[in-house]
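So the protein lines, in turn, are chains A and B. Each residue of the first sequence is one higher than the last, beginning at 0 in numbering that gives the first Met the number 0. Each residue of the second sequence is one higher than the last, beginning at 0 in numbering that gives the first Met the number 0. Just so it is clear, CB atoms sit at the ideal spot from N, CA and C, and this is done for glycine as well. No experiment lies behind these values; they were computed from the predicted model shown. Structure first, then comments.
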Amino acid sequence: MGFNGISGIVNAPGELPWELVLLYFAVAIAIAFLFGKKTGGLRGFSTLDLVYIGIGAAFSVVWEFYIGAFLGKFIPSNPFINVGFLGRLLIVFIVAGLVRKVGTGILSLAIFDILGDLFHYGFGGEPIFLIYESLTYGLFVDLLIAATGGQPFGISSFKGISRARGKTTIAKASSGSEEEEEYSGNMYKPIAYGLGAIEGAIIGALWAFPDPLFYDGFFKPFLYGGYVNWGKIIFTIEAFLPGDIIMGIIAGVLAIIIARAVGQ
Amino acid sequence: MVFWSFLYEQSLTQNVLSWFLFFYGVVFPILLLLSVLGLKGFLEITRYESGKTFLYKLNPLTKIIFGVVVMIVASTTIWWIGAILTLAVMFLYFTLTNGVRKFVYITILNAITIIGGTWGIAPYTPTSILQMVFPNPSSYTTVWVWPSYFTIMGYEPTLTLQALIYGLQISFRITAVLDSALLLILSTTTSDIFRMFSKIKVPLAVTFSILVGLRTVPRIFELFDTSIKMQFARGLGYNKPKIVNAFYFLYAGILAIVPTMVYLLRGAKNLAISADTRGFRAYNSRTSLVHLSIGKMDYIMFVIIIGLIVLDILANIYGFGRSIPYVGF
């Protein structure tokens, strides 16, 4: 039975060696702490950031456990499209676009995980899931924020940008709000959207790996004694990739649009 | 052999009925959900309402421990213990404020979870997994034979009674945990959850985000509901046959995502300002007038929890342990 429903099986056939998993998470925690030290950790987040993260996490919970879970039943079970998961990807990217501080990803996923426990899973298996989800999915988003210097998807602050040239190459009608006009001065729009799409695609692709690799390959046997099938793991990664990349592109662009609509 | 076997032996009836089953099977829980529970029902079983019965007096930590133990017992014992646990926890909903209504909602939610869970698992479960529970594949009762091209969608060639039982068994594990998890949300004030997280030394910033999320979940259902109704009020699906209404509902639901999100995120600023003006995070910790205490009720609950653990151990000793491998879902 183990502790809190964790069986602690580390020698199932085909299971990823625990040393490797430990090494990954040790490095991930080190990176997280390094980031935290640089940016002031939780103090670096304003109250507004925390509210955004809370709302984003709540939306992910509603999507993954209620709305998306039922929408997903309209599609035959397949490894290519996972409505619940793709919705979470979208929402987390949008939150990252709004907050734009290193640590957003980890914190969002951590809060999502705790809310998911409160509303759906109960706290069984914790803290494994908390560590696993925030230091894989969350960390990838934070790496993007760090790599872009706090401007994920090419979104920088909308404030204080002077209006320039006023190029309106994109025919699609937009709200035409003030933020929108200010924004158009910041970067040539197709480039802005293109950049958002590319960054979204890269992180989306990264999001395809943790679940098959870490969950199916290690945590499932570790927690519940599930069996490991490497053929399935490799196929699942390949099957996840297109959907996650496409959703990453959509999420990258949508993050720009929503950040603009919210005026953040 | 089942008496309706002639239906799947004929190619025409097999195809028609398979597709009907395919849609009926997947759509049925959704139709049930939309027509009976509605989004307002979700709002009601994810939101705290004040009350005075014993569940409201319990320490939130006790409720969490209860949830965890229910999860452990349900996942390490034979399926019918999970089913009994589900039923027992469901009856606890009667003690809540508006108990009868909440009981009806949780019953519907459980029914949807069970039907959806069974249907989501049974047609895809290969014999190799079923064999771990029901060792003799030749004794399986075939309930339905799918057309051969259904395998493209990941369906097994035949649907057996054993696969259905397997799906049902797994879904009882989900419902037991779901019911006990929601019990905490329904009977604990956000302030008490805040105190609980503070007590276990979760940083203030994290606790704050969790609480924002906790309060936002029922609100999302409310906003979704409004947004969908507004679209219908503006004439979506007007004069169309009633049968396609569910699809319009889904369409309106998808369209409602972005407006709901933008609305919530825009409102975030007011929330942040009101928290800041009340001196949020001026200090690292908060002083609290109310202290979470462990009362008589908690001790009674601890006895029940210990009883559950003993039950788990006994069940495993007497061969009523987990008979299904956990394949995950």
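Could you compute how far the alpha carbon of Q130(B) sits from the alpha carbon of W62(A)?
35 Å
Does the pairing of the segment 153 to 168 of chain B with the segment 246 to 262 of chain B give three or more beta-carbon distances under 8 Å?
no
Can you pull the chain A residues whose beta carbon is under 7 Å from the beta carbon of R265(B), in chain order?
V261
For a minimum of 4 consecutive residues, which ranges assigned as the alpha helix (DSSP H) are wholly contained in the segment 65 to 144 of chain A?
67 to 70, 82 to 98, 103 to 115, 127 to 132
Looking at chain A, is there any beta carbon in it that lies within less than 7 Å of the beta carbon of P392(B)?
It is not possible to answer for residue 392(B), since the shown part of chain B is limited to 0 through 328.
Using the Cα positions of A255(B) and E14(A), report the straight-line distance between them to the nearest angstrom.
One C-alpha to the other measures close to 42 Å.
List the residues of chain A whose Cβ lies closer than 7 Å to the Cβ of A251(B), in chain order.
The contacting residues do not exist; A251(B) stays about 12 Å from chain A at best.
Under 7 Å between C-beta atoms, does G329(B) make it to chain A?
Here chain B has residues from 0 to 328 only, and residue 329(B) is not among them.
What are the residues of the segment 20 to 42 of chain A that lie near chain B, defined by any Cβ-Cβ distance shorter than 7 Å?
For the segment 20 to 42 of chain A, which is checked against every Cβ of chain B, the residues closer than 7 Å are L41.
Pick from I130(A), G124(A), A191(A): whose alpha carbon is nearest that of R259(A)?
A191(A)
Give the residues of chain B in contact with L129(A), contact being defined as C-beta atoms less than 9 Å apart.
Per Cβ cutoff of 9 Å: no residues; L129(A) is ~11 Å from chain B at best.
Beta-carbon of G212(B) versus every beta-carbon of chain A: anything under 7 Å?
yes
Let me make sure I understand the geometry here. Which of A314(B), K239(B), V88(B) has the alpha-carbon closest to that of T106(B)?
V88(B)
So, do the segment 110 to 121 of chain A and the segment 5 to 13 of chain B have three or more beta carbon pairs nearer to each other than 8 Å?
no
Report yes if the CB atom of T61(B) is closer than 7 Å to the CB atom of D311(B), and no otherwise.
no
Suppose the cutoff is 8 Å on Cβ atoms and the five residues either side in sequence are ignored; what does the same chain contact list for L129(A) look like?
A109, D112, I113
Do you know offhand how far L138(A)'s Cα is from V142(B)'s?
47 Å
Please give the ranges of any alpha helix (DSSP H) in the segment 3 to 68 of chain B, keeping only runs that are unbroken, at least 4 residues long and fully inside the region.
4 to 8, 10 to 31, 37 to 43, 53 to 56
Report the residue from N269(B), F22(B), I169(B) whose alpha carbon sits nearest the alpha carbon of S74(B).
I169(B)
What are the residues that DSSP puts in a beta bridge with W17(A)?
BP columns for W17(A) are empty, so no partner.
W118(B) lies in the beta strand (DSSP E); which residues open and close that run?
No beta strand (DSSP E) contains W118(B), which is instead part of the alpha helix (DSSP H) from 98 to 120.
Report, in whole angstroms, the separation of the C-beta atoms of D141(A) and V101(A), which I expect to be a contact under 8 Å.
5 Å
Between G123(A) and chain B, is there a C-beta pair that is closer than 7 Å?
yes
Using 7 Å as the limit for Cβ to Cβ distance, is D275(B) near chain A?
yes
Looking at C-alpha atoms only, which residue of F24(A), I5(A), G7(A), V50(A) is the closest neighbour of L203(B)?
It is V50(A) whose Cα lies nearest to the Cα of L203(B).
Quick one: is R233(B) buried, meaning 16 or more other Cβ sit within 10 Å of its Cβ, or exposed?
Its Cβ having fewer than 16 others within 10 Å, R233(B) is exposed.
In its own chain, which residues sit with a C-beta less than 6 Å from the C-beta of A82(B), not counting the 5 before and 5 after it?
F171
Mind pulling the alpha helix (DSSP H) runs of 4 or more residues that sit fully within the segment 182 to 269 of chain B?
189 to 198, 203 to 232
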